Amino acid sequence: MTLDCPLYERTPDASAPKGYVEWSLPAGTVRLNGDAARKFATYRYVTADFGRTQRQQQLIWAIRNRVLQGNIIARIPELWRTMSDVFATNLTLVDVIKLANAGIKLSRPTFMGWCWAPL
Numbered sequence: 046m047t048l049d050c051p052l053y054e055r056t057p058d059a060s061a062p063k064g065y066v067e068w069s070l071p072a073g074t075v076r077l078n079g080d081a082a083r084k085f086a087t088y089r090y091v092t093a094d095f096g097r098t099q100r101q102q103q104l105i106w107a108i109r110n111r112v113l114q115g116n117i118i119a120r121i122p123e124l125w126r127t128m129s130d131v132f133a134t135n136l137t138l139v140d141v142i143k144l145a146n147a148g149i150k151l152s153r154p155t156f157m158g159w160c161w162a163p164l
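Last residue of the sequence shown: 164 in the working numbering, with the numbers rising by one and none dropped.
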């Protein structure tokens, strides 16, 4: 994903003197692993709920685009069979395919710029 400006946040850390540590991402293109994506989408110690909501939308859109690059949509039935023992849902395979097709047709949201002053 591409960030318009650096992100400065705090992450809980029980071993830190204040109970948290500073966490940041640089402006520009960044690749997030699962832990960094969770922090990006959930932390709001500095940026509050408004910033968190914008980041969640941006992350969902980036995941959508990554899925489309990898042609994963065509592999949904195969992935469903392979991974069905590691998740539970009341959605059917047909429901998931319909949702995936709806996601493909979405228009890109307009993300309001969010830049927060360093801590």
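We put the beta carbon where it would ideally sit given N, CA and C, even for glycine. Here the structure is a predicted model, which is why all the values come from computation and not from measurement.
Within 8 Å, strictly: CB atoms of residue i and residue j
i              : j                : result
threonine 74   : valine 66        : no
arginine 104   : phenylalanine 85 : Before going further, note that residue 104 is leucine rather than arginine in the sequence given. Cβ distance < 8 Å, so leucine 104 and phenylalanine 85 count as in contact.
leucine 138    : tryptophan 125   : yes
isoleucine 149 : isoleucine 117   : no
tryptophan 106 : proline 51       : no
tyrosine 53    : serine 69        : yes
Sheet register partners of residue i (DSSP bridge)
i             : result
leucine 12    : No information on residue 12 is available, as it lies outside the stretch 46 to 164 that the chain covers here.
threonine 134 : According to DSSP, threonine 134 bridges with nothing at all.
proline 57    : Tyr65
DSSP-derived helix/strand/coil call for residue i
i              : result
threonine 87   : helix
threonine 47   : strand
proline 62     : coil
isoleucine 149 : helix
isoleucine 117 : coil
leucine 144    : helix
Interface flag, residue i vs chain D, CB-CB below 8 Å
i              : result
isoleucine 121 : Judged by its chain identifiers, the structure shown contains no chain D, having just a single protein chain.
Span of the alpha helix (DSSP H), counted from its first residue to its last, around residue i
i              : result
asparagine 78  : From DSSP, asparagine 78 is part of no alpha helix (DSSP H); its letter is neither H nor E.
asparagine 110 : 93-114
proline 122    : 121-128
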